[in-house]
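A.B. asks: Chains as they are written, first to last, in the working numbering: chain A, 1 to 288; chain B, 1 to 359. Here a beta-carbon is modelled for each residue, glycine too, at the ideal position from N, C-alpha and C. Before we start, here is the structure in question, set down as structure tokens.
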Amino acid sequence: MVTAINRPTAAPMETSSATPASRAFQVPVRSTDAEKTPTLIEIENFDFYYGAKQALFDISLKLDDKRVTAFIGPSGCGKSTLLRCLNRMNDLIDGTSVKRGTVKIRDTDINTREVDPIELRKRVGMVFQKSNPFPKSIYENVVYGLRIQGETNKAKLDEIVEKSLRGAALWEEVKDRLHESGLSLSGGQQQRLCIARTIAVSPEVILMDEPCSALDPIATAKVEELINELKKDYTIIIVTHSMQQAARCSDKTAFFYMGKLIEYADTRTIFMNPANPQTEAYVSGRFG
Amino acid sequence: MSAPINPFASKPSRSRSFEKVVLGVFRTATYIILCCGFFVFADILFKGVPTVANAFKTTASFPYVTNTFLFEAPETLYVFEKDGKKVEMGDGEYRTYREAEEAKAVAAGQPAPVFKASSYVYSAGGIWPCIVGTVLLVLGSMTIALSLGVCSAIYLNEYAKDGPVVRAIRLAILNLAGVPSIVFGLFGFGMFVIYFDWNVSLLAGWFTLAFMVLPVVITASEESLKAVPNGFRDGSLALGATKWQTIRKNVLPYALPGILTSSILGIARVAGETAPIMFTAAYVVRDKLPWDVEKASDFFFQGVMALPYHIYVVSSKIPQNEYTSRVQYGTAFVFLGIVALIATASIIFRNKLRSRYQW
Numbered sequence: 001m002v003t004a005i006n007r008p009t010a011a012p013m014e015t016s017s018a019t020p021a022s023r024a025f026q027v028p029v030r031s032t033d034a035e036k037t038p039t040l041i042e043i044e045n046f047d048f049y050y051g052a053k054q055a056l057f058d059i060s061l062k063l064d065d066k067r068v069t070a071f072i073g074p075s076g077c078g079k080s081t082l083l084r085c086l087n088r089m090n091d092l093i094d095g096t097s098v099k100r101g102t103v104k105i106r107d108t109d110i111n112t113r114e115v116d117p118i119e120l121r122k123r124v125g126m127v128f129q130k131s132n133p134f135p136k137s138i139y140e141n142v143v144y145g146l147r148i149q150g151e152t153n154k155a156k157l158d159e160i161v162e163k164s165l166r167g168a169a170l171w172e173e174v175k176d177r178l179h180e181s182g183l184s185l186s187g188g189q190q191q192r193l194c195i196a197r198t199i200a201v202s203p204e205v206i207l208m209d210e211p212c213s214a215l216d217p218i219a220t221a222k223v224e225e226l227i228n229e230l231k232k233d234y235t236i237i238i239v240t241h242s243m244q245q246a247a248r249c250s251d252k253t254a255f256f257y258m259g260k261l262i263e264y265a266d267t268r269t270i271f272m273n274p275a276n277p278q279t280e281a282y283v284s285g286r287f288g
Numbered sequence: 001m002s003a004p005i006n007p008f009a010s011k012p013s014r015s016r017s018f019e020k021v022v023l024g025v026f027r028t029a030t031y032i033i034l035c036c037g038f039f040v041f042a043d044i045l046f047k048g049v050p051t052v053a054n055a056f057k058t059t060a061s062f063p064y065v066t067n068t069f070l071f072e073a074p075e076t077l078y079v080f081e082k083d084g085k086k087v088e089m090g091d092g093e094y095r096t097y098r099e100a101e102e103a104k105a106v107a108a109g110q111p112a113p114v115f116k117a118s119s120y121v122y123s124a125g126g127i128w129p130c131i132v133g134t135v136l137l138v139l140g141s142m143t144i145a146l147s148l149g150v151c152s153a154i155y156l157n158e159y160a161k162d163g164p165v166v167r168a169i170r171l172a173i174l175n176l177a178g179v180p181s182i183v184f185g186l187f188g189f190g191m192f193v194i195y196f197d198w199n200v201s202l203l204a205g206w207f208t209l210a211f212m213v214l215p216v217v218i219t220a221s222e223e224s225l226k227a228v229p230n231g232f233r234d235g236s237l238a239l240g241a242t243k244w245q246t247i248r249k250n251v252l253p254y255a256l257p258g259i260l261t262s263s264i265l266g267i268a269r270v271a272g273e274t275a276p277i278m279f280t281a282a283y284v285v286r287d288k289l290p291w292d293v294e295k296a297s298d299f300f301f302q303g304v305m306a307l308p309y310h311i312y313v314v315s316s317k318i319p320q321n322e323y324t325s326r327v328q329y330g331t332a333f334v335f336l337g338i339v340a341l342i343a344t345a346s347i348i349f350r351n352k353l354r355s356r357y358q359w
């Protein structure tokens with residue numbers, strides 16, 4: 001992970017003397033830490049069920065606009081479930097239901113009848129754990145969402161392809177082979193292609209469900225660098241199993257355990273000075 | 001000095017010899033099957049190829065060569081003796097010959113000649129109407145089966161929620177696959193021919209055959225839809241596509257090669273079945289070709305000749321003699337050739353699709 005840690009960041013790096021000895025990594029102080037940003041997504045008393053099994057218990061959480069929020073926690077703690085609730089991808093699973101509480105994006109409850117999940121997903125994009133480029137050309141992958149929306153203007157599509165691929169830091173690598181299959185790319189490039197595809201429809205929020213879990217450290221570093229770039233324009237919520245990753249690229253971190261939100265605070269606080277002993281145990285690697 | 005003792009030398013034991021026996025059994029079984037297949041094909045080829053090969057004939061006009069077996073209708077064969085030689089003539093040829101002889105006799109002032117010829121039904125001429133009929137039956141029934149089957153597979157796999165109802169439907173479809181084809185024939189006869197009053201017609205045959213292959217098409221289409229990774233569906237939906245857009249653009253194209261594979265099997269079955277069409281679509285003999293109709297709608301309500309039914313007729317419904325096996329094997333050979341042709345075309349088409357969408 002050397003490359004990833006030594007990557008230059010826009011924010012000044014500062015090592016905290018208060019770091020507990022048990023931490024194998026550092027959390028940099030970022031210039032954005034002190035800034036206040038408006039809340040974009042507000043989750044209140046949210047209960048979620050898979051059939052009769054409750055997956056989320058009374059989650060209340062406010063996610064900042066144009067920031068990176070990380071969800072961490074052991075497997076099965078509900079972090080991915082909550083992420084998928086934010087663009088209602090859970091609708092696709094039989095038997096899921098919201099029993100209580102609300103998820104509000106820009107003050108609109110997204111679980112009401114008036115909200116069309118199709119429109120919601122155009123605004124809240126998602127990048128999956130397993131990179132899933134479609135077996136089409138790189139170009140067609142990027143314009144997929146636009147074609148779905150009926151965009152046929154070739155010049156506009158070309159423009160958006162370049163913009164999106166530049167945005168996903170992939171343009172230089174693929175500009176000469178846009179019409180080759182998206183599956184001919186390497187794993188890290190495929191994941192960045194999926195990010196490009198997501199930003200091509202210009203969403204407000206990008207949900208990332210363990211985007212780097214199948215990538216090698218170099219590809220991971222590239223994606224993390226990209227996340228840092230993207231947060232200028234997008235609100236990013238990332239689920240990750242790697243605590244280093246959460247520490248490196250998120251502004252705020254929420255720790256989940258057994259379907260409950262245990263602690264939610266600035267990333268620095270969560271990793272350096274957690275209030276809850278369970279969080280402390282998890283981030284120092286004693287369980288999970 | 002003696003050679004060192006080999007610690008890995010094989011030790012004869014019962015289990016070792018048993019291994020050899022097992023291998024022998026499996027191998028023999030495979031080769032027996034291979035031999036059977038080989039003999040079936042060799043038999044048909046050896047007896048069938050001469051029929052087609054001997055039927056080439058030059059013509060006066062374009063394309064200057066024709067094959068009487070492939071491109072003519074079946075005729076009755078007349079065999080008679082003329083000047084101590086055995087002459088074989090088809091129906092039409094024999095009639096002109098007789099008229100010519102009679103005219104010759106009249107011109108010469110002789111009494112009308114007496115013709116003594118033995119006739120053998122369907123042993124002359126060719127099988128062109130059967131080829132046309134079979135191709136029409138295959139095209140029509142596969143179109144119906146594919147459109148119905150793919151729709152139903154999409155519904156079952158993509159839309160329907162898994163539950164007792166869907167499972168019951170699936171089970172019913174699987175059971176349908178086990179129904180003997182003669183039962184489908186009877187159903188088609190009762191339903192389409194009599195109740196819908198379509199008579200013995202192409203349309204009745206199409207639907208009967210389509211229903212017969214539907215289970216195969218549905219099951220295989222569902223399998224190929226299942227084989228498309230869920231990531232493609234999720235990825236598409238997460239980009240704001242509707243369900244149908246997702247299926248249309250990002251699921252169905254990748255499942256098509258698999259669906260086509262199933263339809264290739266379906267083609268072979270549809271082309272080969274005799275039982276479902278013998279009550280619903282097939283005529284023993286019909287002079288007119290299918291496009292010889294007065295109005296377009298008649299096209300669907302006419303019976304046709306078909307290759308498998310023709311084989312059945314010439315093998316079991318007419319008196320057997322030295323001339324029948326020519327037609328039987330010739331028809332079988334052409335039939336195999338046509339099925340192979342359609343299947344090859346579909347395989348090439350499928351492989352083209354497959355190379356376009358690979359994951």
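Reducing DSSP to helix, strand and coil, say where A55/A ends up.
C.D. replies: Three-state result, A55/A: strand.
A.B. asks: Among I206/A, R192/A, S202/A and D176/A, whose alpha-carbon lies nearest the alpha-carbon of C212/A?
C.D. replies: Residue R192/A is the option with its Cα nearest to C212/A.
A.B. asks: Measure the CB-CB distance between T235/A and S250/A and report whether it falls below 7 Å.
C.D. replies: No, the pair does not count as a contact, with Cβ atoms beyond the cut-off.
A.B. asks: Please report how far the alpha carbon of K104/B lies from the alpha carbon of D91/B, in whole angstroms.
C.D. replies: Their backbone Cα atoms lie some 20 Å apart in a straight line.
A.B. asks: To the nearest angstrom, how far is it from the Cα of I110/A to the Cα of G101/A?
C.D. replies: If I take the Cα positions, the gap works out to 11 Å.
A.B. asks: Compare the Cα-Cα distances from Q54/A to each of S164/A, T96/A, N141/A and R67/A and report the closest residue.
C.D. replies: For the residues S164/A, T96/A, N141/A and R67/A, the minimum Cα distance to Q54/A belongs to T96/A.
A.B. asks: Tell me where the alpha helix (DSSP H) around V142/A begins and ends.
C.D. replies: Residues I138 to I148.
A.B. asks: Are the segment 274–284 of chain A and the segment 252–261 of chain A touching, with three or more C-beta to C-beta distances below 8 Å?
C.D. replies: With the cut-off at 8 Å, the segment 274–284 of chain A and the segment 252–261 of chain A touch.
A.B. asks: For Y97/B, which of helix, strand or coil comes out of DSSP?
C.D. replies: Looking at Y97/B - three-state DSSP - the assignment turns out to be helix.
A.B. asks: What is the residue span of the alpha helix (DSSP H) that N351/B lies within?
C.D. replies: Counting along the chain, the alpha helix (DSSP H) containing N351/B begins and ends at T324 to R356.
A.B. asks: Near Q302/B, what residues of its chain come up, given a Cβ to Cβ distance below 7 Å and the 5 sequence neighbours on each side ignored?
C.D. replies: Here the set comprises S201, L202, P290 and V293.
A.B. asks: Helix, strand or coil for E273/B, going by three-state DSSP, please let me know.
C.D. replies: Three-state DSSP puts E273/B in coil, outside helix and strand.
A.B. asks: Determine the chain A residues that contact L239/B at a beta-carbon separation under 8 Å, and present them in chain order.
C.D. replies: Correct list: R121, K122, G125, Y144, G145, I148, R197, T198 and V201.
A.B. asks: Less than 7 Å between CB atoms is the rule here; does N132/A satisfy it with respect to chain B?
C.D. replies: So, interface residue.
A.B. asks: How would you call Y195/B, buried or exposed, if buried means at least 16 neighbouring beta carbons within 10 angstroms?
C.D. replies: Under this definition Y195/B is an exposed residue.
A.B. asks: Would the beta-carbon of I148/A fall within 7 Å of that of A241/B?
C.D. replies: Cβ atoms of I148/A and A241/B: closer than 7 Å.
A.B. asks: Kindly indicate if chain A contains any beta-carbon less than 7 Å away from that of T261/B.
C.D. replies: Closer than 7 Å: no.
A.B. asks: State buried or exposed for F8/B, treating a residue as buried only when at least 16 other CB atoms are found within 10 Å of its CB.
C.D. replies: F8/B should be labelled exposed.
A.B. asks: What are the partner residues of L61/A, as DSSP defines its beta bridges?
C.D. replies: Per DSSP, I43/A.
A.B. asks: Could you tell me which of E140/A, G145/A and I41/A sits nearest to Q245/B, measuring between CA atoms?
C.D. replies: Of the candidates E140/A, G145/A and I41/A, the one whose C-alpha sits nearest the C-alpha of Q245/B is G145/A.
A.B. asks: Count the other CB atoms within 10 Å of the CB of F115/B; is the residue buried (16 or more) or exposed (fewer)?
C.D. replies: Exposed is the call here.
A.B. asks: Go ahead and label E19/B buried or exposed: buried means 16 or more other beta carbons lie within 10 angstroms of its beta carbon, across all protein chains shown.
C.D. replies: With fewer than 16 other Cβ atoms within 10 Å, it is exposed.
A.B. asks: Can you tell me which of the three DSSP states R100/A falls into?
C.D. replies: Of the three classes helix, strand and coil, the one that applies to R100/A here is strand, per DSSP.
A.B. asks: Tell me which same chain residues have a C-beta within less than 7 Å of the C-beta of L61/A, skipping the five on either side of it?
C.D. replies: Hits under 7 Å: I43, A254, L261 and Y264.
A.B. asks: Looking at the strands, I want to know which residues DSSP matches up with S118/B.
C.D. replies: S118/B is bridged to V79/B.
A.B. asks: With contact counted as at least three CB pairs below 8 Å, one residue from each stretch, are the segment 185–194 of chain B and the segment 80–96 of chain A in contact?
C.D. replies: The segment 185–194 of chain B, when compared against the segment 80–96 of chain A, does not touch it at the 8 Å Cβ threshold.
A.B. asks: With which residues is E263/A paired in a DSSP beta bridge?
C.D. replies: DSSP, once it has assigned bridges, lists F255/A as partnering E263/A.
A.B. asks: Please state if the CB of T331/B and the CB of I311/B are separated by a distance shorter than 7 Å.
C.D. replies: Contact flag set, yes.
A.B. asks: Report the three-state DSSP secondary structure of S164/A (helix, strand or coil).
C.D. replies: Of the three classes helix, strand and coil, the one that applies to S164/A here is helix, per DSSP.
A.B. asks: Are the CB atoms of F48/A and L56/A nearer to each other than 7 Å?
C.D. replies: Against a cut-off of 7 Å, the Cβ pair of L56/A and F48/A comes out as a contact.
A.B. asks: Since I338/B contacts A271/B with CB under 8 Å, what's their CB separation in whole angstroms?
C.D. replies: Sure, about 7 Å apart at Cβ, within 8 Å.
A.B. asks: Tell me which residues of the segment 148–170 of chain B have at least one Cβ-Cβ distance to chain A shorter than 9 Å, keeping chain order.
C.D. replies: Taking 9 Å as the Cβ-Cβ cut-off against chain A, the residues of the segment 148–170 of chain B that qualify are K161, D162 and G163.
A.B. asks: Please state if the CB of Y323/B and the CB of Y120/B are separated by a distance shorter than 7 Å.
C.D. replies: Yes, they are a contact pair.
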